[in-house]
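The working numbering puts the sequence shown at residues 45 to 158.
A virtual CB, placed ideally from N, CA and C, is assigned to each residue, including glycine.
Just below is one structure, and these are the notes that go with it.
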Amino acid sequence: MSDCLFCKIVSGEIPSDIVYQDDKIIAFKDIQPQAPVHVLVLPREHIPTVMNITEESSNLIGYLHLKVKEIAEILGVAESGLRLVCNYGKDGDQIVQHIHFHLMGGRPLTWPPG
Ligand code: 5GP
Ligand code: ZN
């Protein structure tokens, strides 16, 4: 989508600090990290929200989750632990309308979040 911030990051039009990428997904550092490790993991394909996942795109979202282990290893949090969060809607506080999963770690994270 031409006016989507994360599509522009996927295409390279907007620079980002990429920690992992392949032909289906990309993971880059959040510009405003809330933890020592804070990376956004998303499909290259523009799927707006968790509510827009279809039967066809469910494989892609499954693949993204499969890759979390590898990305966590790259980031050095595979053993210490992490949190994987997908925000949606007003109450979930999703700001960017291209589905993404926050991978956070590097410090103890409290529960529940605010
Ligand atoms: P949301 O609230 O939509 O789940 O999270 C959007 C995230 O994207 C926020 O954590 C925000 O800091 C991050 N973000 C917003 N703009 C940019 C940007 O231009 N580059 C990067 N790397 N992260 C961004
Ligand atoms: Zn997009």
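Buried versus exposed call for residue i [16 or more other C-beta atoms within 10 Å across all chains shown]
{"i": "M45", "result": "exposed"}
{"i": "H109", "result": "exposed"}
{"i": "V81", "result": "buried"}
{"i": "K157", "result": "Checking the sequence, you will find Pro at residue 157 rather than Lys. By the neighbour-count rule (16 or more Cβ atoms within 10 Å), P157 is not buried but exposed."}
{"i": "V129", "result": "exposed"}
{"i": "I118", "result": "exposed"}
{"i": "I75", "result": "exposed"}
Proximity below 8 Å, CB of residue i to CB of residue j
{"i": "E89", "j": "S101", "result": "yes"}
{"i": "M148", "j": "Q78", "result": "yes"}
{"i": "F72", "j": "I62", "result": "yes"}
{"i": "L92", "j": "H142", "result": "Before going on, a small fix: residue 92 reads as Pro here, not Leu. Yes, Cβ-Cβ distance for P92 and H142 is below 8 Å."}
{"i": "V29", "j": "I115", "result": "Nothing about residue 29 can be reported from this structure: the residues present for the chain run from 45 to 158 only."}
{"i": "A122", "j": "K113", "result": "yes"}
Check: residue i C-beta below 7 Å from any heavy atom of the ligand ZN
{"i": "H144", "result": "no"}
{"i": "C130", "result": "no"}
{"i": "H90", "result": "yes"}
Close-in-space but distant-in-sequence residues of the same chain around residue i (CB under 6 Å, 5 per side omitted)
{"i": "G106", "result": "none"}
{"i": "L49", "result": "V140"}
Closer than 7 Å: residue i CB and nearest the ligand 5GP heavy atom
{"i": "L49", "result": "yes"}
{"i": "L84", "result": "yes"}
{"i": "I75", "result": "yes"}
{"i": "D135", "result": "no"}
{"i": "I53", "result": "yes"}
{"i": "V140", "result": "yes"}
Close beta carbons around residue i, own chain, < 8 Å, minus the five adjacent residues each side
{"i": "I97", "result": "I91, I105, I143"}
{"i": "Y132", "result": "T93, V94, M95, Q138"}
Cut-off 7 Å between Cβ atoms - residues of its own chain near residue i, not counting five sequence neighbours on either side
{"i": "V54", "result": "I70, R88"}
{"i": "D135", "result": "none"}
{"i": "K52", "result": "I58"}
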